[in-house]
Every structure is written in C-alpha cells, then in structure tokens.
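Going down the list, the sequences are from chains H and C.
Those letters in the first sequence? Residues 418 to 530, per my numbering, in order.
Those letters in the second sequence? Residues 4 to 118, per my numbering, in order.
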Amino acid sequence: EAQVTQNPRYLITVTGKKLTVTCSQNMNHEYMSWYRQDPGLGLRQIYYSMNVEVTDKGDVPEGYKVSRKEKRNFPLILESPSPNQTSLYFCASSLTWDGYGYTFGSGTRLTVV
Amino acid sequence: GDSVTQMEGPVTLSEEAFLTINCTYTATGYPSLFWYVQYPGEGLQLLLKATKADDKGSNKGFEATYRKETTSFHLEKGSVQVSDSAVYFCALILRAGGSQGNLIFGKGTKLSVKP
C-alpha cells in the first residue's frame with residue numbers, strides 16, 4: 418500500500434530533550450515536506466526537500482532540523498524542544514512539487530512540557 | 004503575500020443537503036489549487052485539484068472550479084452524507100517562484116452532517 422509512515426503517533430517529552438520524528442514513504446517520491454498544524458493558524462511548512470541531500474527552509478523552520486540521506490526517509494529533528502513546539506506534525510510526499518498532490522502521513526502529536 | 008481564505012466554520016447540515024464551502028486566494032503567480040479533507044484523528048487526504056483556469060476538479064461527488072477572474076475555488080456537493088463529516092482545507096501551490104512546493108492552506112472548515 419502506498420503510504421507515508423510517521424512515528425511515533427504520540428509523544429510527550431520534556432523541554433530540552435532531543436527527539437526525532439521519523440517519516441518514510443514507499444512511493445519513490447522526489448519531494449518531501451514537514452508541516453505543523455496549530456489551532457487558529459492552520460498548517461504551516463517547516464522544511465522541505467526536493468531530493469536526496471537537497472533541503473530548504475519553509476515558513477517556520479526555527480528550532481527544527483531535517484536531513485535527507487535517502488530518498489524514502491525525511492526525519493524531523495528537534496535538538497532542544499520547547500513548549501511552543503507542542504503541535505500536530507505532518508510529513509508529506511509528492512512525485513513532483515508543483516501540482517501532483519501530496520500524500521500525508523497520519524500525524525505526530527507532540528507535547529513538550 | 005500569497006494566502007488562502009475560506010469560510011469560517013463550523014458548518015452543520017442535515018443529510019442530503021447541498022454543501023458549499025467558499026475559498027478565495029491571493030497569489031503572486033499562477034497557482035495550482037487543491038481541496039484536502041481531514042477525518043478525525045487522521046492525516047490530510049487529497050480530495051480534488053485543478054491546475055489551470057476553468058478546470059473543474061471532482062471526486063466522491065465533490066466539485067470545485069478554478070475561477071481565475073474571481074480568484075476562487077469553491078467546494079460543492081449536491082447531497083452530503085454523515086460520512087462527509089470532516090475538516091476541509093483549501094490550498095494552493097505556486098508553480099513558479101516562491102518557496103517551492105509550499106502548500107499554502109486556508110484555516111480549514113469543519114463540516115458536521117446530522118442524520
């Protein structure tokens with residue numbers, strides 16, 4: 418089944434403790450992206466990647482890192498999480514970046530206390 | 004800047020009612036337009052899309068037409084079902100310039116359909 422898999426689905430952590438949210442897709446998509454969803458703010462792009470070893474900042478990149486060492490994986494790294502990073506995170510992938518349509522993962526609900 | 008505005012929710016309808024969710028956009032270039040749906044506890048699913056003016060996207064009884072003259076992409080369905088209860092997001096991507104591949108979303112409209 419074609420899908421984007423995120424792990425974990427739920428995570429509660431403490432301020433400052435490094436964490437990684439994994440994202441993997443099995444569709445051989447070139448393009449991958451991370452979004453966060455917050456009440457009243459909608460979804461906002463954090464980082465995106467056009468291909469292996471090519472990543473760039475989205476609208477809200479502060480406090481996050483990403484890497485794209487393999488085509489299928491695009492982990493989101495929070496080096497020192499803070500409470501304002503409490504959010505619902507979505508990974509997405511697409512064959513092309515400009516109109517094909519994205520496939521989203523099921524989401525990771527992160528709480529930083 | 005580029006943005007999407009969609010009608011505030013929540014929208015509550017009875018089964019078999021007609022649905023319209025308004026969406027308008029502001030874009031510096033020529034965008035592709037999308038509607039995504041998010042069912043409770045799930046990720047977003049692409050519902051339909053249109054990539055050029057006057058295109059009509061359709062899926063599962065939902066339709067939307069890309070109107071460049073009014074910068075709109077309103078979602079419609081002739082007869083809603085309880086299973087259509089979800090949050091609906093209008094979104095755009097600029098096909099040139101800007102942050103490549105950045106889906107710019109509206110804030111979402113929550114639809115509740117009652118039996």
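Just so you know, even glycine gets a beta-carbon here, dropped at the ideal spot from N, CA and C.
Given the structure is predicted, the values throughout are model-derived calculations rather than measurements.
Self-check item: Given residue 81 of chain C as reference, the closest of C/65, C/74, C/46 and C/42 once Cα atoms are compared
Solution: Reading the second sequence from its first residue, position 78 is the one you call residue 81 of chain C. Per the Cα distances, C/65.
Quiz prompt | Proximity winner among H/447, H/427 and H/438, relative to residue 495 of chain H (alpha-carbon distances) | solution = Here residue 495 of chain H refers to the residue found at position 78 of the first sequence. Comparing Cα-Cα distances from residue 495 of chain H to each of H/447, H/427 and H/438, the minimum goes to H/438.
Self-check item: At least three beta-carbon pairs within less than 8 Å, the segment 500-517 of chain H to the segment 442-449 of chain H
Solution: yes
Practice problem: Pull up the DSSP beta-bridge partners for residue 449 of chain H, would you. | Solution: Looking up residue 449 of chain H in the first sequence gives position 32. H/466 and H/510.
Quiz item: How many whole angstroms separate the CB atoms of residue 118 of chain C and residue 19 of chain C, which I take to be in contact at a CB cut-off of 8 Å?
Solution: Taking the second sequence and counting its residues from 1, the one referred to as residue 118 of chain C is at position 115. Taking the second sequence and counting its residues from 1, the one referred to as residue 19 of chain C is at position 16. Actually they are not in contact, since the Cβ atoms of residue 118 of chain C and residue 19 of chain C sit about 10 Å apart, beyond 8 Å.
Quiz item: For residue 42 of chain C, is the classification buried or exposed, using 16 other Cβ atoms within 10 angstroms of its Cβ as the cut-off for buried?
Solution: As a first step, residue 42 of chain C must be located in the second sequence, where it is residue number 39. Looking at its Cβ environment, which holds fewer than 16 other Cβ atoms inside 10 Å, residue 42 of chain C is exposed.
Self-check item: Three-way DSSP call (helix, strand, coil) for residue 501 of chain H in this model
Solution: Against the first sequence, residue 501 of chain H aligns to sequence position 84. Residue state, collapsed to three classes: helix.
Practice problem: Any chance you could list the beta strand (DSSP E) runs of at least 3 consecutive residues sitting entirely within the segment 25-81 of chain C, in chain order? | Solution: 26-29, 34-41, 47-53, 59-62, 65-68 and 78-80
Quiz item: What's the C-alpha gap between residue 110 of chain C and residue 9 of chain C?
Solution: Taking the first residue of the second sequence as 1, we reach residue 110 of chain C at position 107. Taking the first residue of the second sequence as 1, we reach residue 9 of chain C at position 6. Rounded to the nearest whole angstrom, the C-alpha separation of residue 110 of chain C and residue 9 of chain C is 7 Å.
Self-check item: Bridge partners - residue 474 of chain H, DSSP secondary structure assignment
Solution: Position 57 of the first sequence holds residue 474 of chain H. DSSP, once it has assigned bridges, lists H/464 as partnering residue 474 of chain H.
Quiz item: Are the C-beta atoms of residue 110 of chain C and some chain H residue less than 8 Å apart?
Solution: By one-based count along the second sequence, residue 110 of chain C stands at place 107. So, interface residue.
Self-check item: Neighbour-count burial assignment, residue 463 of chain H, 16 or more Cβ in a 10 Å radius
Solution: Indexing the first sequence from 1 puts residue 463 of chain H at position 46. So residue 463 of chain H counts as buried.
Exercise. Just confirm the distance between the C-beta atoms of residue 52 of chain C and residue 37 of chain C, as a whole number of angstroms; I'd bet it's less than 8 Å.
Key: Your numbering for residue 52 of chain C matches position 49 in the second sequence. Your numbering for residue 37 of chain C matches position 34 in the second sequence. Between residue 37 of chain C and residue 52 of chain C the Cβ distance is about 5 Å, and since that is below 8 Å, they are a contact.
Exercise. Starting from the beta carbon of residue 46 of chain C, find every residue of chain H whose beta carbon is closer than 7 Å, and list them in chain order.
Key: Counting from one through the second sequence, the residue named residue 46 of chain C turns up at place 43. Residues of chain H passing the Cβ test: 507, 521, 522, 523 and 524.
Self-check item: 7 Å CB neighbourhood of residue 15 of chain C in its chain, flanking five on each side removed
Solution: Here residue 15 of chain C refers to the residue found at position 12 of the second sequence. Only 115 and 117 meet the Cβ criterion.
Practice problem: Measure the Cβ-Cβ separation of residue 534 of chain H and residue 460 of chain H and say whether it is below 8 Å. | Solution: Any answer about residue 534 of chain H is impossible in this case: the structure gives chain H only from 418 up to 530.
Self-check item: Classification of residue 426 of chain H by the beta-carbon crowding that lies within 10 angstroms, buried from 16 upward
Solution: Position 9 of the first sequence, counting from 1, holds the residue named residue 426 of chain H. Classification for residue 426 of chain H: exposed.
Quiz item: How should residue 432 of chain H be labelled, buried or exposed, when 16 other C-beta atoms within 10 angstroms of its C-beta is the threshold for buried?
Solution: As a first step, residue 432 of chain H must be located in the first sequence, where it is residue number 15. It counts as exposed.
Exercise. Take residue 47 of chain C and list the residues in its own chain whose beta-carbon comes closer than 6 Å to its own, dropping the five residues that flank it on each side.
Key: As a first step, residue 47 of chain C must be located in the second sequence, where it is residue number 44. Answer for residue 47 of chain C: 39 and 41, listed in chain order.
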